[in-house]
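If you number the sequence shown the way numbering that gives the first Met the number 0 does, the last residue is 934 and the count never jumps.
Every residue, glycine too, gets a C-beta built ideally from N, C-alpha and C.
Owing to the predicted nature of the structure, the values given are computational and were not obtained by experimental measurement.
Worksheet: the structure to be examined is printed underneath.
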Amino acid sequence: MTEDLSPAERYAEARKRAQEQATALAPFRDLYDFDLDDFQIEACQALEAGKGVLVAAPTGSGKTIVGEFAVHLALTRGRKCFYTTPIKALSNQKYNDLAKRYGADRVGLLTGDNSVNADAPVIVMTTEVLRNMLYAGSQALVGLGHVVMDEVHYLSDRFRGAVWEEVIIHLPESVTLVSLSATVSNAEEFGDWLDTVRGDTRVIVSEHRPVPLWQHVLAGRRMYDLFEEKADKREVNPDLVRMARMENSRVTSPRDRRRGNPRREADRERERRRRARVWTPSRPEVIDRLDSEGLLPAITFIFSRAGCESAVQQCLYAGLRLNDNAARARVREIVEARTADIPDADLHVLGYFEWLEGLERGIAAHHAGMLPTFKEVVEELFVRGLVKAVFATETLALGINMPARSVVLEKLVKWNGEQHADITPGEFTQLTGRAGRRGIDIEGHAVVLWQRGMDPAALAGLAGTRTYPLRSSFKPSYNMAVNLVGQFGRHRSRELLETSFAQFQADRSVVGISRQVQRNEEGLEGYRDSMTCHLGDFEEYSRLRRQLKDRETELAKQGAVQRRAQAAAALEKLRPGDVIHVPTGKFAGLALVLDPGTGGGRGPSHHRGWQQNDGPRPLVLTAQRQVKRLGSIDFPVPVEPLERMRIPRSFNARSPESRRDLASALRTKAGHHAPPRHRKQRSAAADDGEIARLRAEIRRHPCHGCDERENHARWAERYHRLRRDTRQLERKIEGRTNTIARTFDRVSALLTELGYLRGDEVTDDGRRLGRLYGELDLLASECLRDKVWDGLPPSELAACVSALVYESRAADDALPPKLPGGGARGALEEMVRIWGRLDALEEEHRISQTEGVGQREPDLGFAWAAYRWAEGHGLDAVLREADMPAGDFVRWCKQCIDVLGQIAVAAPEGDSVAKNARKAVEAMRRGVVAYTSVG
């Protein structure tokens, strides 16, 4: 109460209020109808004081307020502000938000395929656009005061993350950087690096969620809380643990386990649900349950595009309706307005009417395979509350502002491109962070569906862990190398790259290893003292003993390899009908060879019997009526046939009667044979001259007669092991020091050999490479230099350029891709040949694709679709032939257009390739590819 303050205190308070009103923050706070949180105020005050800021806070906590204050500050001071985002959809969303607040005349947009009001003082752009502007020395950078990097944790992305570091390193010193990140566990480390490369940077970390999040498990008809609060202690719900223990201990019926049961998995699941007390609820059941408990709107994450579409269909077939008539009418009105520019013929191809039916009922899918316009409509309707259930892939969790009351996770396993892997704590946090809408919901809810085998304790660990470290993925590319050398020279470029976050992290990790090396060296001194012998040099004596041991081990290994080779050679000679004696293992004894498993045919043995590294794997019938496929471990010694038997044509290995009859015949035919006895071979060590020499030297050594010899030897062994570990640590330090600079040196050496660099000078070819951005930048430049695309018409050029951007979702396509005829076919073949030459050159210079550097093989899978689209064929025909979703088709076309635009700039002015690249851009930018909701 001010009445209780003294006059001096009241005066001080008044002065403080007057000072606050004089700041830029005061009028900014008035723009919002809610109070700012402490972390937002702290970050804004640091910005106004001229400091850079790193804000790490949970999804939905409002960290973008800090980015918007940077925009406000720049406009107040008459400076420019660039607001960068990782994806175009987020750029479009942020552009719309800022245009509404500050007016469309003061806000612009620059993405790969959109340019709106590019001279505005506030420009929203993708991070790649800003990187390209920095390398080109764009005039747009003049007057730049602030850069906001939204979702800066994207620098961990192994494909695109390097762009964020390039921007951070190359921004002019006068620019204040605002970095907005999800909650990461090493924010202080990242902040220390920003402080090093950008100057004074305030790190502000907030773990507080403005809307509390409750975790649940939905099993059958019951919704379990994951945690139970007890006296300031949070533990896993004992009811959930008890239920999981009981359900996971239930066994399936013997009929389910019977081999060869023809019942489908769906039938077995229905049977399990009938018997079990709990089950995994179906998708319509989940949405209906959430609706009845008032937990909609909800986002259900399904790690499959087809799964998202299937979920919508299941809900429609189940008769779910989440919208009333008024909402249905409003949905139709919005959808028709937003899709008015799409031709009617294309709407039918795109599945518009099925999509609209789902929207009218309040249900939709959201994934990268959808047409961008369709995704944007889903986002808009969801934010307006007209779509209440969205089935989405995890890409929705990356920045798009679509908060929900509830988030549902169907499974805790997803395909990561190589295998099905458990989701990480960081991914779990990112996905569930969507639950709880600030200013709307009192609490958010994360619901995990019960699955057989689920461990509640493991789920609690996933939900309770906040381990999400930021790891740099920075690697110098060919384009980066020529641009750096062109601007700074090779020496200065090397120094700049050593300031990267990747090198910063590597150097920090070296500090701990260096300390361990120092401790090891102190330990080595102590061990050396303990093994000192008064009779002679015990280190020398220990070395002789170790050489003897190593030689004996080497000969033993050679003997084992020879024995395995002899055994494998004997197995390869076996034929069906041979009776053998299995020498060892679980199935030792008489056996009849049914299939030698040597991979010599196209039968089952070709796939299962022969293992590349394991030798033949014969399929045998044992005297105990078991049919088993044996491996090399069962044959440590060579095996010879004892008898021959005829295997009846009617023999069926799956028939117990057939096995019984043939096993009985086997015992009758060969039961009298005694197991063969194998004589132990003389050890190679007994006749080895090196071993004899070492034993003689050991006996002659003075230390051999020491009474404390074995005690000294124990200390010597410890010394040897510690010295070996220390050398490994030293090699690790050497490998991590200057790693980025060494990679840059290799890249520069290759570019010098190809004529793109000449010392500190960038050649004309190098300057062309500097204008080509993309994964296959060097291949594109080589194609231009070798005139591979000269004389190609626009549609054929589009087909060739598609190979530089397209990557098939399937690991290996069964059929070769269809290619256009004419000059395009020859040009594509030449592109693959050039890639082969570059690949060999990269191997020679030790440049590895696995390290994120180097050129992948061009993918020709989109060439026919790009050619047909550029030729003017209809969407229906092109999509049907391409067999791909509309969203993927549009995305690849836009990436194609982007690279064609780069080629038009990089190719010599007036050259046919430059002209045809521009024509190809015009030919491809039509219909659904040209349509955009921004502008």
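Beta bridge counterpart(s) of residue i as assigned by DSSP
i, result
"C80", "V121 and H145"
"W213", "H444"
"S114", "L109"
"I203", "V54"
"Y223", "V216"
"K413", "A420"
"L430", "DSSP output for L430 lists no bridge partner at all."
CA-to-CA distance, residue j to residue i, given in whole angstroms
i, j, result
"L30", "P402", "22 angstroms"
"V920", "F373", "23 angstroms"
"V578", "A622", "10 angstroms"
"L295", "G219", "19 angstroms"
"L1015", "V216", "Limits of the chain in this structure are 0 at one end and 934 at the other, which puts residue 1015 out of reach."
"R329", "A363", "16 angstroms"
"A922", "G871", "7 angstroms"
"R836", "E856", "11 angstroms"
"L721", "S747", "39 angstroms"
"R507", "A906", "43 angstroms"
"Q39", "I846", "44 angstroms"
"L753", "D785", "12 angstroms"
"K474", "G758", "21 angstroms"
"H606", "L618", "Note that H606 has pLDDT 38, beneath the 50 cutoff, so the model's placement of it is unreliable and the number below is only indicative. Their backbone Cα atoms lie some 13 angstroms apart in a straight line."
"A929", "R337", "14 angstroms"
"N915", "L777", "21 angstroms"
"R917", "K387", "43 angstroms"
"L661", "R624", "8 angstroms"
"R924", "H145", "33 angstroms"
"E841", "S405", "49 angstroms"
"V115", "A103", "9 angstroms"
"T552", "A587", "29 angstroms"
"W609", "K572", "With a pLDDT of 39 at W609, under the threshold of 50, the modelled position of this residue cannot be trusted; read the value that follows with caution. Rounded to the nearest angstrom, the two C-alpha atoms are 14 angstroms apart."
"V787", "F888", "26 angstroms"
"G599", "A564", "For G599, the pLDDT reaches just 48, beneath the cut-off of 50, and the residue's location in the model is therefore unreliable, although a value from the coordinates is still provided. Approximately 18 angstroms, taken between the alpha carbons."
"E642", "D687", "40 angstroms"
"W163", "T126", "7 angstroms"
"E187", "E426", "21 angstroms"
"R282", "G61", "31 angstroms"
"E760", "N478", "15 angstroms"
"A445", "F381", "18 angstroms"
"K413", "S631", "35 angstroms"
The alpha helix (DSSP H) enclosing residue i, as first and last residue numbers
i, result
"D897", "A885 to A905"
"D981", "Nothing about residue 981 can be reported from this structure: the residues present for the chain run from 0 to 934 only."
"M923", "S911 to M923"
"A740", "T738 to E752"
"F352", "Y351 to E359"
"V877", "L874 to A881"
"V481", "Y477 to L496"
Check whether residue i and residue j have beta carbons under 8 angstroms apart
i, j, result
"W891", "S807", "no"
"I122", "G107", "yes"
"A797", "L878", "no"
"Q901", "V804", "no"
"N324", "L385", "no"
"L140", "M148", "no"
"Q854", "W834", "yes"
"R628", "P595", "no"
"M124", "F81", "yes"
"G357", "V311", "yes"
"A56", "T182", "yes"
Supposed close pair residue i, residue j - CB separation, criterion 8 angstroms
i, j, result
"G886", "G368", "4 angstroms"
"G51", "T175", "5 angstroms"
"L154", "F503", "Actually they are not in contact, since the Cβ atoms of L154 and F503 sit about 12 angstroms apart, beyond 8 angstroms."
"G769", "G488", "About 14 angstroms; that fails the 8 angstroms criterion."
Span of the beta strand (DSSP E) around residue i
i, result
"Y467", "Counting along the chain, Y467 falls outside any beta strand (DSSP E), and DSSP gives it neither H nor E."
"T299", "A297 to F300"
"F390", "A388 to A391"
"D594", "G588 to D594"
"A628", "The displayed chain sequence assigns Arg, not Ala, to residue 628. Taken as a continuous stretch (DSSP letters only), the beta strand (DSSP E) holding R628 covers V626 to R628."
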